[in-house]
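Chemist: First the structure, then my questions, so here it is.
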């Protein structure tokens, strides 16, 4: 069996490439939803009984998201084994252990899978304690570190600055997207007159946390993008990787626009009026932003599985 480091590909008609990209996107989305629902779980657990429907929805969503994360990370490791061994997908299990322990990409997926398991354990059950929050934070860091070792940042070497920046980028993006997507799922459970004050406080917390995550996403994203184009903007138009980056940036800009609309317009109106109409506006704008963020994760998966513009430029 000839194991090799499977190169990033741009063969959009290759079923294995498509499967790897799809499961990587689903893993990123599940990771984000796990972080977002964990945060909402922690915030709503401290609220009054009016918030219990929202807390239960957040806890249920967190369990589903972390189960999906474990499953998708295992699927990604299995597909990586098929890509590296050249075996059919259904027969890739024969080389799974060798790929998982003897190749850089396999180790990266193994680390991500290993981190997702304690994240699942921390997310299940009763309201989060401080120890479980700490365990979840450490598990999230392990997942992000494993993912950063799989993509283009790994070309700079293990434990490099590029990998460190990519780890922060993945964590910040997951936190931002997770807060938005989880909010779109959980907040309708708080859309009642008796829980209106809880809804307003929760959206305000979400807005502050998302703003901090966005700042980190932008800083680390600029570093990654400049490294990816190799200092030449020509790579944006001359490669499929560049086209995917443009699509991702457009989706990020759209998500930022809807987030700003909520933070600076819809939320202040809700805080002043506490009306049902303004509550619906906040939730509906967040739902649109959530769709944009799902697109961001899909574009990011395409980027990570395509040849970067800097490599194509020479």
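Residue numbers (full-length UniProt numbering): 1 to 314. We put the beta carbon where it would ideally sit given N, CA and C, even for glycine. Just so it is clear, the structure is predicted and the values come from calculations on it, not from any experiment.
If you draw a straight line from the alpha carbon of residue 293 to that of residue 261, how long is it in whole angstroms?
Modeler: 15 Å
Chemist: Compute the minimum distance between the beta carbon of residue 251 and the heavy atoms of the ligand HEM, and state whether it is under 8 Å.
Modeler: Here there are no bound small molecules, and the ligand HEM is not part of this structure.
Chemist: Closest to residue 118 by CA distance: which of 183, 31, 172, 81 is it?
Modeler: Selected option, being the one with the closest Cα: 31.
Chemist: Roughly how many whole angstroms lie between the Cα atoms of residue 82 and residue 94?
Modeler: 9 Å
Chemist: Pair every Cβ in the segment 267-278 with every Cβ in the segment 173-182, then say whether three or more of these pairs are closer than 8 Å.
Modeler: no
Chemist: What do you get for residue 272, buried or exposed, if any count of 16 or more other CB atoms within 10 angstroms of its CB means buried?
Modeler: exposed
Chemist: Is the segment 85-99 in contact with the segment 141-152, if contact means three or more CB pairs nearer than 8 Å?
Modeler: no
Chemist: Which residues in the same chain have their Cβ closer than 7 Å to the Cβ of residue 254, if we skip the five residues on either side of it in sequence?
Modeler: Once the five neighbours on either side are set aside, the close Cβ partners of residue 254 are 292.
Chemist: Over the uninterrupted alpha helix (DSSP H) stretch that includes residue 227, give me the two end residues.
Modeler: Element bounds for residue 227: 196-229.
Chemist: In whole angstroms, what is the alpha-carbon distance linking residue 40 and residue 136?
Modeler: 14 Å
Chemist: In whole angstroms, what separates the C-alpha of residue 194 from that of residue 284?
Modeler: 20 Å
Chemist: How should residue 248 be labelled, buried or exposed, when 16 other C-beta atoms within 10 angstroms of its C-beta is the threshold for buried?
Modeler: buried
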